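Numbered by the working numbering, the letters in the sequence shown go through residues 129 to 529 in order.
Only one structure is covered here, and it is reproduced in the block below.
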Amino acid sequence: MENKKKSGGVLLGAAFLMATSAIGPGFLTQTAQFTGKLGGSFGFVILVSIILAAIVQLNVWRVLCVSGMRGQDVANKVLPGLGYVVSFLIVAGGLVFNIGNVGGGALGFNTLLGIPQSVGYFLAGGVAIVVFLLKNAMKAMDTLTKVLGGIMIVVIFVVIVIVRPPLGTALRETFLPQASMSDIFPAVLTLLGGTVGGYITFAGAHRLIDAGITKKENLGEITKSSVMGIGIATIVRVFLFLAVLGVVAGGAVTLDSSNPAADAFRRGAGEIGYRFFGLVLLAAAITSIVGCAYTSVSFLKTFHPAIEKNEKWFIVGFIALCTVVMAFIGQPAALLVLAGALNGLILPITLGVCLIASQKKTIMGTDYRHPLWLLILGIVVVIAAAYLGITSLSSLGQLFA
């Protein structure tokens, strides 16, 4: 009974780790910006992107957890040396995104408590470091992501009650969008990368592997946890969409482009709404720092015994580096764009590798058969994600032209 309870806690913890890794400062800004631009039609964008993200998640988690191998090891089995390339891309992207997450944490402290950003950088990094310095760091990480994830959901729901969004419009346009497809398609691709791009889709799967929840006999639990992760991210995305829609509905309000989510909360619920946003931003940033650092280092630890033996200190060093860079260099706008381009390239590569691996008995075992429908849908997403990567690179070229 105790083992079952422990296993259930890890499954939920892995789901929240994946979800809260996705729900960072960029997630909040992205959702508010697109809601301001597309209105109720953003519901359709969420619906399509979540279906695509679920396809990615189910494929990747099945392959990794049934094989019992982390992403880089699966890649090396498919093509020797590919795991090192994948690890480089994910760790490089994770490092840059975590610098942005530390900045988001500082903004959260500033908005919520008025703490100067220069101090907030070190507070945000420090809180995340403390989690990994605790005796049972993995359990502390699971607990932190569950508690802060729950706080985000409750706080955003309170704002929804205050702003009273047009639920009928949101529901109707979720299935019959009024916005043009030329605006909707890029938004779908952006959300897909933000929900399961880069390190995010691996966060929960690597947590399950570390906890020993692997092999075909645990497939039901693995699937349940992966679906829960997408479900939690979806709840936050939908709640945030409705909160912002309640402010912009009618078209009379244009959100501040520099911080659209904070502006929406302030307009909708006054000063208390603004403080609420600070709490949501802080929770989103801290959980993303933790999830990003843990997952990035998990891509390195099978390459040398010293990394696995001293995993905790590598994670602490990763967070400390991000904090120092954020504090002394400032907002790394160009680097964040570069990381976005990397994420666009990582998803089709990693999903493609997992789809190839799913057909190899030397990786999956002789008694495992990957569902054909999941394989076909996975190939469709690889093509869509590859298009996202090409688009990201062309945008990057324009930025530095």
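No residue lacks a Cβ here, since even glycine has one placed at the ideal position from N, Cα and C.
Keep in mind the model is a prediction, meaning the values are calculated, not measured.
| field | Whole-angstrom C-beta distance between residue 218 and residue 427, which should lie under 8 Å | value | 5 Å
| message | Quick test of your reading: residue 221 and residue 373, contact by CB under 8 Å. State the CB separation rounded to the nearest angstrom. | response | In this structure residue 221 does not touch residue 373 by the C-beta definition: roughly 31 Å separates them, more than the 8 Å allowed.
| said: Can you list, in chain order, the residues of its chain with a C-beta nearer than 8 Å to that of residue 490? Leave out the 5 residues immediately preceding and following it. | reply: For residue 490, same chain residues with a beta-carbon under 8 Å away, outside a window of 5 residues either side, are 205 in chain order.
| request: Please confirm if the stretch 137-148 is in contact with the stretch 359-367, defined as three or more CB-CB distances below 8 Å between the two stretches. | output: Yes, they touch.
| field | Segments assigned alpha helix (DSSP H), at least 4 residues, entirely inside the stretch 325-411 | value | Taken in chain order, the whole alpha helix (DSSP H) runs of length 4 or more contained in the stretch 325-411 are 328-338, 347-376.
| field | residue 488, DSSP secondary structure in three states | value | Residue state, collapsed to three classes: coil.
| field | Range covered by the alpha helix (DSSP H) that runs through residue 256 | value | 245-261
| said: Only counting the same chain, and skipping five residues up and downstream in sequence, which positions put a Cβ closer than 7 Å to that of residue 274? | reply: Around residue 274, the same chain offers 140, 141, 144 as residues with beta carbons nearer than 7 Å, after the five sequence neighbours per side are excluded.
| task | Tell me the start and end of each unbroken alpha helix (DSSP H) in the stretch 424-454 that is at least 4 residues and wholly inside, in chain order. | result | 433-437
| Supposed contact pair residue 279 and residue 396 - C-beta distance, whole angstroms, cut 8 Å | That belief does not hold up - the Cβ atoms of residue 396 and residue 279 are roughly 19 Å apart, past 8 Å.
| message | Using the three-state DSSP reduction, which class does residue 200 fall into: helix, strand or coil? | response | helix
| field | Rounded separation between residue 254 and residue 231 - CA only | value | 13 Å
| request: Check whether the Cβ atoms of residue 171 and residue 413 sit closer than 8 Å, and answer yes or no. | output: no
| Count the other CB atoms within 10 Å of the CB of residue 293; is the residue buried (16 or more) or exposed (fewer)? | Taking all protein chains shown into account, residue 293 has 16 or more neighbouring C-beta atoms within 10 Å of its C-beta and is therefore buried.
| task | Look at residue 329 and residue 188 and say whether their C-beta atoms are less than 8 Å apart. | result | Contact flag set, yes.
| task | Keeping to the same chain, check which residues put their C-beta closer than 6 Å to that of residue 190; ignore five residues upstream and five downstream. | result | For residue 190, where only same-chain residues beyond five positions count, there are no Cβ hits under 6 Å.
| query | So what's residue 460 in DSSP terms, helix, strand or just coil? | reply | In this prediction, residue 460 has a pLDDT of 49, which is less than 50 and means its spatial position is unreliable; nothing more can be read from the coordinates.
| message | So for residue 264, helix, strand or coil by DSSP? | response | In the structure shown, residue 264 falls within a coil segment according to DSSP collapsed to helix, strand and coil.
| task | Could you check if residue 447 is buried or exposed, using at least 16 other CB atoms within 10 Å of its CB as the buried criterion? | result | buried
| field | residue 192 versus residue 411: straight-line alpha-carbon distance, rounded | value | 28 Å
| DSSP state of residue 281, grouped into three classes? | helix
| message | For residue 429, tell me which candidate among 345, 154, 201 has the shortest Cα-Cα distance. | response | 201
| query | Just curious, the alpha helix (DSSP H) that residue 220 is in, first and last residue? | reply | 210-241
| request: Measuring alpha carbon to alpha carbon, tell me which of 326, 211, 505, 298 ends up nearest residue 226. | output: 326
| field | Euclidean distance between Cα positions of residue 365 and residue 285 | value | 11 Å
| What is the DSSP secondary structure of residue 291, counted as helix, strand or coil? | helix
| Can the beta-carbon of residue 425 be found closer than 8 Å to that of residue 270? | no
| field | Burial state of residue 511 (16 or more Cβ within 10 Å) | value | exposed
| request: Check each candidate in 196, 162, 229 and name the one with the smallest Cα separation from residue 453. | output: 229
| query | Whose C-alpha, out of 315, 310, 208, 337, is nearest the C-alpha of residue 198? | reply | 337
| query | If you scan the stretch 300-328 from start to end, which runs of the beta strand (DSSP E) of 3 or more residues do you find wholly inside it? | reply | If you keep only unbroken beta strand (DSSP E) runs of at least 3 residues inside the stretch 300-328, you get nothing at all.
| query | Which residues in the same chain as residue 371 place their Cβ atom closer than 8 Å to its Cβ, once the five residues preceding and following it in sequence are excluded? | reply | 284, 287, 288, 291, 293, 392, 393, 396
| message | Between which two residues does the alpha helix (DSSP H) holding residue 153 run? | response | 153-166
| So, is residue 346 buried or exposed, given that buried needs 16 or more other C-beta atoms within 10 angstroms? | buried
| If we ignore side chains and look at the alpha-carbon of each, how far apart do residue 319 and residue 389 end up? | Between the C-alpha atoms of residue 319 and residue 389 there is a straight-line separation of about 16 Å.
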